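In the working numbering, the protein residues as written are 31 to 246.
Here is the structure:
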């Protein structure tokens, strides 16, 4: 069976160029990525919540066939230098990490509110401790969900996992949080005894597509 893609997540502070014209500000960055072996697709968008004290924040999500494909790009000194230069004027204060989702997360990326929840485990706990609860949680057919939710561990931080859930609106997510079903409450009970904290954010992503003249 084909493995799910690896999700590279870049959290950033948007520069004025991104706020003025996000697609134009990141065009060169995405063009370099699109020419790289193993690249599948890329998305970007502002975080729907403002984060104190940073203010506006944004997400770039890049899907790769494997982590090794991204590592190969990083090891290409010339190309990677161009890539870093192409993003520096649009996205500041960048934090990059990689997620190994259990299934392709992209079906939820078209949602008006993509939930990206970063869950930190207690010291000494592993994803095995929360696997049953997480699988039960993302399998729920909750009103407002778009696409197929999924979750996976973070490569750089072994005690961290990320949940991807597409929602028709942030309000629908809040309704689900405020009035959980017994199944959802039961899943969270299995998770909460092992977690140290959770950071829940939402974004509305736009998918990068090649310019019309590049496809001609």
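Just so you know, even glycine gets a beta-carbon here, dropped at the ideal spot from N, CA and C.
As the structure is a computational prediction, the values presented were derived from the model and not from experiment.
Following the continuous beta strand (DSSP E) through residue i, name the residue where it begins and the one where it ends.
{"i": "residue 201", "result": "Careful: residue 201 lies outside any beta strand (DSSP E), inside the alpha helix (DSSP H) at 200 to 208."}
{"i": "residue 56", "result": "Where residue 56 is concerned, there is no enclosing beta strand (DSSP E), although the alpha helix (DSSP H) it sits in stretches over 52 to 64."}
{"i": "residue 43", "result": "36 to 44"}
Residue i: which of the options sits nearest, CA to CA?
{"i": "residue 217", "options": "75, 167, 149, 136", "result": "167"}
{"i": "residue 229", "options": "197, 187, 149, 181", "result": "149"}
{"i": "residue 135", "options": "61, 50, 95, 78", "result": "95"}
{"i": "residue 133", "options": "55, 88, 165", "result": "165"}
{"i": "residue 161", "options": "234, 170, 183, 123", "result": "183"}
{"i": "residue 172", "options": "139, 158, 215", "result": "215"}
{"i": "residue 221", "options": "178, 113, 200, 156", "result": "156"}
{"i": "residue 24", "options": "144, 196, 159", "result": "Since the first and last residues shown for the chain are 31 and 246, residue 24 lies out of range."}
{"i": "residue 102", "options": "74, 115, 69", "result": "69"}
{"i": "residue 77", "options": "143, 107, 219, 226", "result": "143"}
{"i": "residue 177", "options": "192, 191, 163, 198", "result": "198"}
{"i": "residue 79", "options": "238, 190, 146", "result": "146"}
{"i": "residue 85", "options": "201, 44, 60, 238", "result": "44"}
{"i": "residue 249", "options": "174, 131, 224", "result": "As displayed, the chain neither begins before 31 nor continues past 246, which places residue 249 out of reach and without an answer."}
{"i": "residue 113", "options": "137, 60, 211", "result": "60"}
How is the alpha helix (DSSP H) around residue i delimited, first residue to last?
{"i": "residue 100", "result": "97 to 105"}
{"i": "residue 218", "result": "212 to 222"}
Considering only heavy atoms of the ligand ADP, does any lie closer than 6 Å to the CB of residue i?
{"i": "residue 90", "result": "This structure lacks the ligand ADP, and indeed carries no ligand of any kind."}
Can you pull the DSSP bridge partners for residue i?
{"i": "residue 130", "result": "183"}
{"i": "residue 149", "result": "191, 228"}
{"i": "residue 237", "result": "73"}
{"i": "residue 160", "result": "Answer is none; residue 160 lacks a bridge partner."}
{"i": "residue 122", "result": "43"}
{"i": "residue 175", "result": "197"}
{"i": "residue 247", "result": "Not covered by the structure: residue 247. The range shown for the chain is 31 to 246."}
{"i": "residue 91", "result": "39, 73"}
Using 8 Å for Cβ pairs, my map puts residue i next to residue j. What's the rounded Cβ distance?
{"i": "residue 232", "j": "residue 186", "result": "Their Cβ separation, rounded to whole angstroms, is 23 Å, which puts residue 232 and residue 186 out of contact at 8 Å."}
{"i": "residue 235", "j": "residue 91", "result": "7 Å"}
{"i": "residue 117", "j": "residue 49", "result": "Incorrect: roughly 15 Å between the Cβ atoms, too far for contact."}
{"i": "residue 40", "j": "residue 109", "result": "Contact flag wrong, Cβ pair sits at about 17 Å."}
{"i": "residue 93", "j": "residue 65", "result": "In fact, because the Cβ distance is near 16 Å, the residues do not count as touching under 8 Å."}
{"i": "residue 88", "j": "residue 115", "result": "Not really, about 19 Å apart at Cβ, beyond 8 Å."}
{"i": "residue 119", "j": "residue 169", "result": "Contact flag wrong, Cβ pair sits at about 42 Å."}
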